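Chains as they are written, first to last, in the working numbering: chain A, 27 to 348; chain B, 1387 to 1709; chain C, 4 to 287.
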Amino acid sequence: MSSPLIKVSNLTVSTSDDNRTLVNSVSFEIAPGEAVGVVGESGSGKTLTALSLLGLLPRGVQATEGSISYDGKDLLHTDGETLRSIRGNKIAMIYQDPMTALNPVMRLGAQLIEVIESHEGQSGDATERVLTAFSDVGIPDPKRAYESYPHEFSGGMRQRVMIAMALLLSPELLIADEPTTALDVTIQQQILALVMHERRKRNMSMLWITHDLGVVANLVDRVVVMYAGRIVEVGSVKDVFTNPQHPYTAGLLASLPKASDKNRTRLVSIPGIPPKPWTVGESCAFSARCTRADDQCRTTLPILRDNSSTQAACFHLMGEKQ
Amino acid sequence: MTVNKRLPSTVFFTRLASVITTLFGISIFVFIVLRVIPGDSITGSLGIETGALSPEQIESLRAYYGIDKSLFGQYFSWMGSFLTGDFGFAYSNGVSVLELTKSALPVTIQLALFGTIFGVILGISVGMFSASKPGSVRDFAGQFFGLLALAVPGFVLATTLVTVMANVFGYFPNGFEYMAPWEDPWMNFQQMMFPSLVLGIAVAAPVMRTTRSALLETVDKDFIRTAHGKGVKHRVVQFKHVLRNSLIPIVTMTGIQFGYLLGGAVITEKIFAMPGMGRQILDAINKREYATVQSSVMIFAIMFVLINLITDIIYRRIDPRIK
Amino acid sequence: MSTPVKEKTWFSYYLKSISGVIGGILVLVMFTISILSALGITPHDPLIQDPVNALQGPSAQYWFGTDQFGRDILSRCMDGMRRSMLVSVVAVSIATFVGVLLGIVGGYFGKVLDGFVVRFSDVIFAFPAILLALAIVNSLGNSWIDTSLAIAVVYTPIFIRVARGPVLTVKEMDYVKAVRILGFSTPKVLFSHILPNVLPPIVIQVALSMSWAILTESGLSFLGLGTQPPDASLGLMVSEAQSLAAFAWWTLAFPSLFITIAVVGLNLVGDGLRDSLDPARRSS
C-alpha cells in the first residue's frame, strides 16, 4: 500500500470566539492519482474541511485540532511561506461561485500570469503558457480573453478560467468546492467533462466537494459522506452506490431521481433538517431523522467501522436486520 | 445582472443637466442669502463707501446689484453680470473682483492640492495600518489618531504650529511676503508646508476612516481567498487585490475633501497669511465689500460642483465594470 | 429546543461599547460644566478683570491661569463651553427637525416634492460648512441666534439624507403596502411604521452633527464672527491666544482642550450609538 498523497487526521474546526464545533474529528486520505468525493448537505462541514487543507478558513473560524499530512509536513502547523509555496502550485483549488471568485478589476490574463510569477518569478514564456491554458479549457479566442475582465464573461466561462488558473502549474491535487452548483445544467456537464479529461491527462488527485450525490457517480473513485460535521460513511463509489450501509447514505441515494422511475412517482426525501454540528452531543447526529434509531443511537456516539461493503458510523447498518 | 445599456452620451447629458440645475439652484441660494437678507445695507453702502471707484465702475456695480429693480430683476441683473465675467468691484481700491480672483484662486488651488495629497497619503497609510489587524492595538491606535485629527480644530493646530515654530524655533516662512511658485519655488514650497500640514491632517481623518472600512469590507471577499489560494505573496494581495478594489470609495472621498479644501481653508489661509480666496472673502466681509463676497462664494460653489463631476468621471474610469 | 431570549435594551448594548461609555462621560462632564456656568456657578466671574494678576500660570487661585486682562481662564472656558453647547444644541435641533421632516416628506411622497427636496439639499451640500456659515452669519449678524441659524442651515441637508434613505427603502416593503391598502391614514403610516426605522440613524447623526456644530461655532468665533468680546467664547480665546501662547501656554491650551474634549466625546457617543443601534450589534 503506497503512502497517501495527503492524509487528514482528526481535523476539528471551530468558531474562534465561542468555540462552536463545525467540523468534528474528520479523517481521510487521498492516494496519488485518486479522486475522492465529499458529499453532504449544507452545514455538514464539507467546504470548511476543504478550505482547511490550504489554510483558507475565513475570519472567525479556525482548525483547533488534528493534522494534515502532506509531503512530510503538517499543513495545519507549518509556516506561512511554506503554505504559500504549495498553494496554486502543488495543491490548487477552484471555488463555488465563479461570479465572485475572480478579481473584478484585473484582466484575466494578468490573473493567471500572477500564478506563474508567484512561484517561478518572471518568466519569458508566461504569456504563451497562459494562452495555451485558455485554449486547453475550451475558451474560444484566448487572446481576447487574456485582455478581458471577468465581468465580460459568463459564469461557465469564468469557471473555465478558474480551472485554467488552477491547473497552470500542474498541481498534484485539485480541490474543487462545488464548482458546478452555480451553473446551468448543460454547462455543468461541460465543466465536469473538462475536469475529468484534465484529471485523466495529468493523473492528478482530486478532492471534489458536492451536495449532489449524482455528480460523483462517474467522477470519483471513493466517496466520503459527511453529516453534521462528521464522516458517517466512506467507501468506493461502487460500494457506496450499490450497497450503502449508513441509513443517511441510503436516504440520499433514494432521493435521487432516476431515469427508470415511472412518471408521477413521488420524489423520496428524508424528513427533517440536519442539526447544527455543535448542538449534537454524544449521540448519532442522524438519529432524529432515522427510522432505525433507538435509545443507543441517541445516547452513544457511533464510530466509523469496517463492514461488509464500506466503513460506516452506525449501530444499525442497512445490511443488518432491524 | 443586466448591464445598463445607456449610451455614454445620454449619461453625459443627463449629468450635465443635473449639474446645471444644481448650479442654478446655487445661484438663487447665494442670491437669497447674500443679497436679499442684508438687503438695504448694500444699497445704502453703495452711496457712502464707494470712494475709490470710478464713475464707470459705480455704474457697473449698480448693474451688478440690480439696484432699483424688483427682486427678480436684481437676480437677473446679477446673473447677467456674473456670467459675462463681471464679478463686481472692491470698494476700497477699485480693483475688479475678477482681477482679485485671478491672483487669489491659484493660491487656494495649490494649497488645496498639497493638503489633499498629504492628507490622502497619510490617511491611506494609517487606514491600511489599522485594517491590517482589526481589533488589535494598532487598529485602536490608528482609529484614535483619526479621532484626534478630526476633533482638534484646525485653527488650534495651526495656532500651536505657529507658536512653536515662530517663537520656539524662530522659523516661520509664512511671516514673509507670499511667493508664487514661478517667482520663488523654494520659498513658495516652505510657505505651503505648514498650512498644507494642517489641512492635510483634517483631510486624513475621513480618508483614514473610509480606507479602513473599504479595506475591511474587501478583505472578506471571495476573490481575495482565490488570490491567497493560488499562492500570491501577502504584500501583493494587499496592494494589487485588496487596495485596488477598495479604491472607489477612497477616490470619491478624496474628491470631496479636495472640494472642501478649496472653500474650507478660510481659517488656515488667514492664520498663515496665504493670499487665497479664503482670505479674500474674509477681508471682504470685514470691509463690507458685498460684491466680492457674493462673487467669491459663487465661484467656490461652482468649483465644488465641478470637482464632484470630475471625481465621478474618474471613478467610472477606475472601475471597468461601470461603463 | 428553544430558550426564551431576553430582549436586551439598546442601553445595555450601549454600555458594552467602551467608546460609547467614555464619550458619554465626557459629554456629561461638558454638559454639567455648561449648566453650572449658566447658573453662574463658576470659580470666578468670567468678565471680572484682575490686571495685577494678568497672564499668570495655573495657580491655586486661578486653576487654569489668567489671560491678558487677568480674567480667570477656567471660568471663561466654562462660559465658552456653555455658549458652544447652546449654539450646538439649538442649531442641531432645528436642523434635525427641518431636515427629518423634509427627508420623510420627500422620500414618502416622491416625484416633484422629492425632487425639490433633493435639489435643495444638493445646493447646500455644495458649500463647505465654514464658508456657508460665514456667509450666512455675515448677512444675519453675530448673536448666538444668528450663529445657530447659520449652522442649522449648514447641517440640515445631512438630516434630509439620513431620514430620506430609510424612508425610500421601507416605503417599498410589503408590510407598509399592506397597511396602506388597509386604509391607514398617511400620518399614521408615517409615525407608526416609517419613523421607527428612521430613528436610529437620526440619533447617531445628531451626536455627530453636534460635534461638527461645536467645531464650526468655535471656528466662527475664532474669526471674530461669533460671540463678541468681552464675552467669553472658546474660539475667541484661541484667537486671542495667538499672540500670547508663546509665553503663556495656558491661554491656548485650556480652551483648545475644552473644544477637543467636547468634540471627541460627542463623536464617541455617536460611535457608541452606532454600535448599540445597528442590527449587527457587534463591537468591532
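Backbone N, C-alpha and C define an ideal beta-carbon position, used for all residues, glycine too.
Every value quoted in this text rests on a predicted model; they were computed, and no experiment measured them.
(message) Once DSSP output is grouped into helix, strand and coil, what is the label at phenylalanine 1475 of chain B?
(response) If you number the second sequence from 1, residue 1475 of chain B lands on position 89. If DSSP states are grouped into helix, strand and coil, phenylalanine 1475 of chain B belongs with the strands.
(request) Let me know if valine 163 of chain A comes out buried or exposed under the rule of 16 or more other beta-carbons within 10 Å of its beta-carbon. (result) Numbered from its first residue, the first sequence carries residue 163 of chain A at position 137. So valine 163 of chain A ends up on the buried side.
(message) Can you tell me where the alpha helix (DSSP H) holding asparagine 200 of chain C begins and where it ends?
(response) Counted from its first residue, the third sequence places residue 200 of chain C at position 197. 198-225 is the span of the alpha helix (DSSP H), which, as asked, contains asparagine 200 of chain C.
(request) Pick out the complete alpha helix (DSSP H) segments inside the stretch 61-142 of chain C, 4 residues or longer, and give them in chain order. (result) 76-112 and 114-128
(message) I'd like to know whether the C-beta of proline 1492 of chain B is nearer than 7 Å to at least one C-beta of chain C.
(response) Here residue 1492 of chain B is taken as the residue at index 106 of the second sequence, counted from 1. Not an interface residue.
(request) For the beta strand (DSSP E) containing alanine 1552 of chain B, list its first residue and its last residue. (result) Translated into the one-based positions of the second sequence, residue 1552 of chain B becomes position 166. From DSSP, alanine 1552 of chain B is part of no beta strand (DSSP E); its letter is neither H nor E.
(request) Take the Cβ of aspartate 1685 of chain B as the centre, count every other Cβ of all protein chains shown within 10 Å, and call the residue buried at 16 or more, exposed below. (result) Along the second sequence, read from residue 1 onward, the residue named residue 1685 of chain B stands at position 299. The identity of residue 1685 of chain B in the sequence shown is isoleucine, whereas the question assumes aspartate. Isoleucine 1685 of chain B is buried by the Cβ-count criterion.
(message) Residues in the same chain with beta-carbon distance under 6 Å from arginine 79 of chain C, minus the five sequence neighbours each way, listed in chain order, please.
(response) By 1-based counting over the third sequence, the position of residue 79 of chain C is 76. If we look at arginine 79 of chain C and ignore the five residues flanking it on each side, its Cβ neighbours are Pro49 and Ala235.
(message) With a threshold of 7 Å on Cβ separation, who are the neighbours of histidine 1614 of chain B within its own chain once the five nearest residues in sequence on each side are excluded?
(response) Taking the second sequence and counting its residues from 1, the one referred to as residue 1614 of chain B is at position 228. Correct list, in chain order: Val1623.
(request) Please look up how many angstroms separate the CB atoms of lysine 1607 of chain B and threonine 126 of chain A, rounded, as I've assumed it's under 8 Å. (result) The residue labelled residue 1607 of chain B in the question sits at position 221 within the second sequence. The residue labelled residue 126 of chain A in the question sits at position 100 within the first sequence. 7 Å between Cβ atoms; contact.
(request) Please report how far the alpha carbon of threonine 1494 of chain B lies from the alpha carbon of phenylalanine 261 of chain C, in whole angstroms. (result) For this step, residue 1494 of chain B is matched to residue 108 along the second sequence. For this step, residue 261 of chain C is matched to residue 258 along the third sequence. One C-alpha to the other measures close to 30 Å.
(message) Can you check which of these residues, B:Ala1677, B:Ile1704 and B:Phe1462, is closest to isoleucine 1636 of chain B by C-alpha distance?
(response) As a working note, residue 1636 of chain B is residue 250 in the second sequence. The shortest Cα separation from isoleucine 1636 of chain B among B:Ala1677, B:Ile1704 and B:Phe1462 belongs to B:Ile1704.
(request) Identify each residue in the stretch 1584-1615 of chain B for which the Cβ-Cβ distance to at least one residue of chain D is less than 9 Å, and report them in chain order. (result) The chain inventory of the structure shown lacks chain D, comprising the protein chains A, B and C.
(request) Taking only beta-carbon positions, decide if arginine 1630 of chain B is within less than 7 Å of chain A. (result) If you number the second sequence from 1, residue 1630 of chain B lands on position 244. Yes, because at least one Cβ of chain A sits closer than 7 Å to the Cβ of arginine 1630 of chain B.
(request) For phenylalanine 1686 of chain B, return the contacting residues in chain C, with the cut-off set at a CB-CB distance below 8 Å. (result) For the purposes of this step, residue 1686 of chain B is taken as residue 300 along the second sequence, with counting starting at 1. By Cβ distance, chain C contributes Phe130, Pro131 and Leu134.
(message) The beta strand (DSSP E) that contains threonine 1654 of chain B, what's its start and end?
(response) What you label residue 1654 of chain B is simply residue 268 of the second sequence in a count that begins at 1. Unbroken run through threonine 1654 of chain B is the alpha helix (DSSP H), 1652-1657; no beta strand (DSSP E).
(request) Anything in chain A within Cβ reach of aspartate 1669 of chain B, meaning under 7 Å, just list it in chain order. (result) Start at 1 with the first residue of the second sequence, and residue 1669 of chain B comes out as number 283. Correct list: empty, because the minimum Cβ distance to chain A is about 47 Å.
(message) Could you compute how far the alpha carbon of isoleucine 1434 of chain B sits from the alpha carbon of isoleucine 1444 of chain B?
(response) Translated into the one-based positions of the second sequence, residue 1434 of chain B becomes position 48. Translated into the one-based positions of the second sequence, residue 1444 of chain B becomes position 58. Residue placement at isoleucine 1434 of chain B is flagged as unreliable, the pLDDT there being 49, under the threshold of 50; a coordinate-derived value is accordingly withheld.
(request) Please classify lysine 180 of chain C: does DSSP put it in a helix, a strand, or coil? (result) Position 177 of the third sequence, counting from 1, holds the residue named residue 180 of chain C. Correct three-state label for lysine 180 of chain C: helix.
(message) Can you determine whether any heavy atom of the ligand SAH sits closer than 6 Å to the C-beta of proline 1567 of chain B, and answer yes or no?
(response) As far as ligands go, the structure on display features none, and thus does not contain the ligand SAH.
(message) Tell me which residues share the same chain as leucine 80 of chain A and place their Cβ nearer than 8 Å to its Cβ, disregarding the 5 neighbours each side in the sequence.
(response) In the first sequence, residue 80 of chain A corresponds to position 54, counting from 1. Correct list, in chain order: Leu101, Leu109, Ile112, Arg113, Ile117, Met119 and Ile201.
(message) With a threshold of 7 Å between beta carbons, is phenylalanine 1690 of chain B in contact with chain C?
(response) Taking the first residue of the second sequence as 1, we reach residue 1690 of chain B at position 304. Chain C contact via Cβ: present.
(message) Against chain C, with Cβ distances strictly below 7 Å, would alanine 1535 of chain B count as a contact?
(response) Position 149 of the second sequence holds residue 1535 of chain B. So, not an interface residue.
(message) Spatial neighbours of threonine 153 of chain A within its chain, please: C-beta separation below 8 Å, excluding the five flanking residues on both sides.
(response) Sequence index remark: in the first sequence, residue 153 of chain A carries index 127 (1-based). If we look at threonine 153 of chain A and ignore the five residues flanking it on each side, its Cβ neighbours are Gly135, Ile139 and Tyr172.
(message) Within the continuous beta strand (DSSP E) that includes leucine 1692 of chain B, where are the two ends?
(response) If you number the second sequence from 1, residue 1692 of chain B lands on position 306. Counting along the chain, leucine 1692 of chain B falls outside any beta strand (DSSP E), though it belongs to the alpha helix (DSSP H) covering 1676-1704.
(message) Considering only DSSP beta bridges, list what arginine 256 of chain A is partnered with.
(response) By one-based count along the first sequence, residue 256 of chain A stands at place 230. In the DSSP output, where bridge partners are listed per residue, arginine 256 of chain A has A:Tyr253.
(message) Let me confirm a value: threonine 1400 of chain B is counted as buried when at least 16 other C-beta atoms fall within 10 Å, else exposed. Which label applies?
(response) Here the question's residue 1400 of chain B lines up with position 14 in the second sequence. It is exposed - the Cβ of threonine 1400 of chain B has fewer than 16 other Cβ atoms within 10 Å.
(message) Is it buried or exposed, serine 1467 of chain B, if we count other Cβ atoms within 10 angstroms and call 16 or more buried?
(response) Position 81 of the second sequence holds residue 1467 of chain B. With 16 or more Cβ atoms within 10 Å of its Cβ, serine 1467 of chain B is classed as buried.
(request) Go through the stretch 110-173 of chain A residue by residue and report every complete run of the alpha helix (DSSP H) that reaches 4 residues or more, in order. (result) 134-146, 152-162 and 168-173
(request) Return the CA-CA distance between valine 1481 of chain B and serine 1463 of chain B, expressed in angstroms with no decimal places. (result) Indexing the second sequence from 1 puts residue 1481 of chain B at position 95. Indexing the second sequence from 1 puts residue 1463 of chain B at position 77. Cα to Cα, valine 1481 of chain B sits roughly 21 Å from serine 1463 of chain B.
(request) Rank C:Ile184, C:Asp125 and C:Ile36 by C-alpha distance to the C-alpha of methionine 88 of chain C and give the top, closest one. (result) Walking along the third sequence from the start, residue 88 of chain C turns up at place 85. Among C:Ile184, C:Asp125 and C:Ile36, the Cα nearest to that of methionine 88 of chain C is on C:Ile36.
(request) Compare the C-alpha of glutamate 1442 of chain B against each of B:Gln1496, B:Asp1472, B:Val1416 and B:Phe1625 and name the closest. (result) Counted from its first residue, the second sequence places residue 1442 of chain B at position 56. Ranking the options by Cα distance to glutamate 1442 of chain B, first place goes to B:Asp1472.
(request) Taking 8 Å as the threshold, find out whether the stretch 210-230 of chain C comes into contact with the stretch 1537-1554 of chain B through three or more Cβ pairs. (result) yes
(request) Would you please verify whether the beta carbon of aspartate 125 of chain C is less than 7 Å from any beta carbon of chain B? (result) For the purposes of this step, residue 125 of chain C is identified with residue 122 of the third sequence, where counting begins at 1. Interface residue, yes.
(message) Counting only Cβ pairs nearer than 9 Å, list the residues of chain A close to aspartate 1374 of chain B.
(response) This structure cannot settle anything about residue 1374 of chain B, because the visible part of chain B is limited to 1387 through 1709.
(message) Can you look up asparagine 36 of chain A in the DSSP assignment and give me helix, strand or coil?
(response) Stepping through the first sequence from its first residue, residue 36 of chain A is reached at position 10. Looking at asparagine 36 of chain A - three-state DSSP - the assignment turns out to be strand.
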